[in-house]
Each structure stands twice: as structure tokens, then as C-alpha cells.
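Report on the following structure.
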């Protein structure tokens, strides 16, 4: 019962967080919309621009809010610090970053569309009684070659913002990130330009509010009213007051532009991100990294062993690797397979850029010994040890985050809460299992000596069914007995784990292809096993 309550409460927390974010967006949009729709200080401006004014300002409030949040999930050091305290609550940081980014794009379209309507309204509803409100120079003006700076500057900066946002959004698509990671990397770093332009975007002061509402009530009568003001303002006010005496203006209406507020929203998160970036830059640049060895493994896999003073990662964490001879700005995430003498293992074809893959050979890396290491940073794989029962599923080279977990258990499994580990590894090539064959066999033998043969359950799947293949070496007999041809039957596996672990929480961790991840996520959410809660954790590098 307590397992179901815990799992349900965690799901409720995620849903609550989503609802709070959505509610704040809705509240900001509605509050700003009503302020410009019925606010006394915007009475004349609203009569001129109509709903275009309300929608443009309401969408601007949503944009300010999300622009202030979108950077926070990218503060990796801050998230790593918080992860040790709130655990799994930060696993959705990348999803939240994407949600904020999509919201910014959608409401940017709304904002631009509303301002295009406003431009037409400025021309069609030119006011002769309140010239300070006008942007057009005369009624019906359609050309803006000689328009004033009040509209020129916001217009130019708005076009630049849309252009930068378009480049960032399109380059973030999955196909571009996979085929040409450099395009994604460099266009995404245009966020600095985006924020600078955003903070000066409203400097033109095209939209103005009335500053003397007390002495000039909206819609009050004057002797020199034009037809535009007299019939619409006085007529509507008269209808609302139901025959009450009409208010007389004590002085002329005065208007002034708004004080820019965007910088109030984005300056704090931007300063936090810059401070964190500076801290990471200093940390990665000051302590030298020594490359101890570079080892080639089967199937184009390379193992890089390094040393760095003061570097204290935890099992399951990852780092960002930078090679200045390739690029001073590109950093690529790699999970650690060992934390003492920290080791990286990767496959050439999985690298996100072709530049680093040019240095993949052992001799090439030794000829470019200068590298910078940023991190370590937290990831969901750290939580493997916080469950009594965990299921780790790896696809091909996705085994790397779990290799570090296995190494930590080999060193001292007793210090962790974990009491049973199910390890499933799916590969296309038989040779791939040799990457960590010694580690798998060594951990199995260690647990047998400690009289815990039920602690470690290993299942190896060879998805390439062509030809008869097996692990023939005598020292790998344990792996040979665990090797199966074909693909895992996930539903049967979950049923087996559910029956063996009644009334327990099972942490499910995956690093592999989308197909495997989706299947596991679906089974965890369906949770057909009464008394057993499966909690899904997807490996993701922010």
C-alpha cells in the first residue's frame, strides 16, 4: 500500500508542477488582457487599437515569464547540487526547457500577429484629439518609410528576435541535431544575442498609457471633441451611467510610454546562468587533465582514461568533454564508466559531431592531449542505488552509464540501499558484449563469494539472429549462459520482476534507442502488477 502511495504521490507532484506552470501562464495572460481591456489608463489606447492591444500585451507577459524560466534547466551545476536533495524531481528539467521554448515560439507568433493588427489600427484609427497616441503621421497612412523611431526601433528589434528564434527553433529539430550537431550548437548559443535584443526591444515606447486619470477621467466631455472621441467615448459612457451627469475634463489627457519591464523578468535568471557558466569555465580550465591511456575495443569503441586533481564524481554522473584543437566552444556529454581513474567509453558512430570523430583513433588523441573536462553533472542513473530493486536496460553503447554502477557495486555493494539488480543489455553485434565482459563476470563472482547469488540478474540479448553465435571463452562462461538470441519480451520480464518483488518499488533505468525507451515507459505507466510499483527513469543529457 505504501508503495502505491509513494508512486502516486510522485506522479501527483509532476502533475501539480505542470498545472502550476500552466496556471501561471494562463493567469498572466488573462490578467494582462483584462488590464489593457478595461484599465482606465488604457481607455483611449484600447479604443484606438482594440483587441490587438490586449492580445499583444498579454502574450508579451507570457513571453517574459517563459524567457525567465527557459535558462534555469540548463544550469547544470545548480541542478546537480539540487539533485542530491530532491532526487528524482529534477529528471524532467530538459522536458521543461523544451516546453518553455515551444511556448516562447507559439506566443511569439501570437505577439507578432497582434502587432501587425495594431499597425493597421494605428493607421485606420488615427486620433486628432490625442496626437501623442499616434504612430502614423496621418489617417490612412500605408507607407512607413518616414515613420518615427517609436515604432522603427521595436520593429527592427522584433524582426531580429523572430529571425534568431526561428534559427534556434528549426536547428533544434531531431534530424538536424543528429545529422549536424554543430548547427544546433552554434545556433542555440544565439540565445545571448536573443536576450540582449529582448531587453532593449521595448525601448521605443510606441504604446503609451494615460498618466492623469484622476483629473481627466476616461471618456470625459470636452468642448473640442472630434467625432471619433465624442460619439464613441461620450456615447458609451452615457450608456454605462444610465443618465447620470457626464463628467467634465479638468485638463487635457497626458500620455507617456511604459517603463521597460522585460529586463526585470530575465536579468536574474540570465545573471545566474552567466555566473554558473563562469564557475564551470574556471573549474574546467584551472585543473589540468592528464590522458593516461587510450584503448581500442571491438566494434569501433574507444576507451579514454584520464586523471584530474580534485575531480570527485559519483557513479552515474556524466561530464562535458572539450577538445580546443577541434573547437573551443563545443562540449559533448559522456558518461563515466569508472569514477576513481575516470574513464570514458564511446562508439565512433554515436558521436554527435564529425569533428571529434576525426580524433577518435588512439594515436590521434595522444597527439591532441589537451582536453577540458566540465563536470561532473547529475543524471537519473545516480538513483539506481536509491531503490531496493532496480532494472537497468542498455541498448548497445548505452551501457556506459550502467558500467559505472556495476563498478561501484564491485568495489563495495554493501554500502548501498540496493539489494537486487536486474541488468538487461541488448546488442546487434556479439563482440559488443566483450566491452565489459570482465566487469560483469567479476561482479558475478564477487557476489557468489559473498553468498548473494540472487543479487545480480543478467540477461544479454543478441538482436542479430543471422548465423549461430556464442561466447566461447571459458572465462566468460557466465555470460554465455545468460546470452539469448532475439529481443527481450518486456511484458514477461516485468511480470517476472513483479512476482519476485511484491510490495516494492522498482526503479527502471534505460539508456538506449527510442523504441526500447518507449516500451519500458508504457509498461511502467500501465503498472499491471498489483503491489509492485515501477518508476521509469530515462537517461538524458541536458
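Residue numbers (the working numbering): 1137 to 1678. Every residue gets a Cβ at the ideal spot worked out from N, C-alpha and C, and that includes glycine. Just so it is clear, the structure is predicted and the values come from calculations on it, not from any experiment.
C-alpha gap between residue 1320 and residue 1467, whole angstroms: Pairing residue 1320 with residue 1467, the inter-Cα distance amounts to about 12 Å.
By Cβ distance, which residues of its chain are closer than 8 Å to residue 1213, with the 5 residues on each side in sequence left out? These residues qualify, in order along the chain: 1412, 1415, 1416, 1513.
In the DSSP output, what is residue 1593 paired with across the bridge? Looking at the DSSP output, residue 1593 shares a beta bridge with 1558.
Restricting to runs no shorter than 4 residues, where is the alpha helix (DSSP H) found entirely within the segment 1504 to 1564? 1536 to 1548
Rounded straight-line distance, which links the Cα of residue 1533 to that of residue 1591: 24 Å
Apart from the five residues just before and just after residue 1339, which ones in its own chain have a Cβ nearer than 7 Å to its Cβ? 1289, 1396
For residue 1602 and residue 1620, I'd like the C-alpha separation in whole angstroms. 13 Å
Same chain, Cβ closer than 6 Å to residue 1471, neighbours up to 5 away in sequence not counted: 1454, 1536, 1537
Per-residue DSSP class, three states only, for residue 1612: helix
Keeping to the same chain, check which residues put their C-beta closer than 8 Å to that of residue 1577; ignore five residues upstream and five downstream. Sequence-distant partners of residue 1577 (beyond 5 residues in either direction) whose C-beta falls short of 8 Å from its own C-beta, in its chain, are 1611, 1612, 1614, 1615.
With three or more beta-carbon pairs closer than 8 Å as the criterion, would you say the segment 1234 to 1249 touches the segment 1292 to 1305? yes
Between which two residues does the beta strand (DSSP E) carrying residue 1620 extend? 1619 to 1621
Evaluate contact between the segment 1162 to 1179 and the segment 1327 to 1339, counting only Cβ atoms and requiring at least three cross-stretch pairs below 8 Å. no
Please determine, among 1211, 1573, 1544, the residue with the shortest C-alpha to C-alpha distance to residue 1685. Only positions 1137 to 1678 of the chain appear in this structure, which leaves residue 1685 out of reach.
Tell me the DSSP secondary structure of residue 1606 in three-state form. coil
Grab the span of the beta strand (DSSP E) containing residue 1588 for me, first residue to last. Residue 1588 -> no beta strand (DSSP E), and no H or E assigned at all.
Buried or exposed (CB count within 10 angstroms, at least 16 for buried), residue 1654: exposed
Residue 1305 by DSSP, collapsed to three states: which one? helix
Could you check where the beta strand (DSSP E) with residue 1674 kicks off and where it finishes? 1669 to 1674
Going along the chain, which unbroken runs of the alpha helix (DSSP H) with 4 or more residues stay wholly within the segment 1621 to 1663? Within the segment 1621 to 1663, the complete alpha helix (DSSP H) runs of at least 4 residues are 1626 to 1636, 1650 to 1662.
Mind checking who residue 1167 pairs with in its DSSP beta bridge? The partner list for residue 1167 (beta bridge, DSSP) is empty, contrary to what the question assumes.
Is it true that the segment 1308 to 1319 meets the segment 1341 to 1352, where meeting means three or more beta-carbon pairs spaced less than 8 Å apart? Between the segment 1308 to 1319 and the segment 1341 to 1352 there are fewer than three inter-stretch CB-CB distances shorter than 8 Å, so the stretches are not counted as touching.
Residue 1548, buried or exposed, once every other Cβ within 10 Å from all chains shown has been counted against 16: exposed
Which same chain residues end up closer than 7 Å to residue 1408 when comparing Cβ atoms and leaving out the 5 residues on each side of it in sequence? 1211
Selected residue, minimal CA-CA separation from residue 1674, among 1233, 1175, 1199, 1530: 1530
Can you give me the Cβ contacts of residue 1155 inside the same chain, cut-off strictly under 8 Å, excluding the 5 residues immediately before and after it? none
Quick one: give me the first and last residue of the alpha helix (DSSP H) that residue 1246 is part of. 1229 to 1260
Specify, as a first and last residue, the run of the alpha helix (DSSP H) that residue 1335 falls within. Taken as a continuous stretch (DSSP letters only), the alpha helix (DSSP H) holding residue 1335 covers 1327 to 1336.
Inside the segment 1179 to 1225 only - alpha helix (DSSP H) runs reaching at least 4 residues: 1179 to 1185, 1187 to 1205, 1212 to 1222
Output the distance between the C-alpha atoms of residue 1551 and residue 1447, rounded to the nearest integer angstrom. 21 Å
In angstroms with no decimal places, state the Cα-to-Cα distance between residue 1509 and residue 1426. 10 Å
In chain order, what residues of the same chain lie with their CB nearer than 7 Å to the CB of residue 1521, ignoring the 5 residues before and after it? 1552, 1553, 1554
Proximity below 7 Å, CB of residue 1558 to CB of residue 1527: yes
Taking only the alpha-carbon atoms, compute the straight-line gap between residue 1433 and residue 1445 and give it to the nearest angstrom. 27 Å
Cβ atoms of residue 1258 and residue 1245: under 7 Å apart, would you say? no
Tell me whether residue 1517 is buried or exposed, calling it buried when 16 or more other Cβ atoms sit within 10 Å of its Cβ. buried
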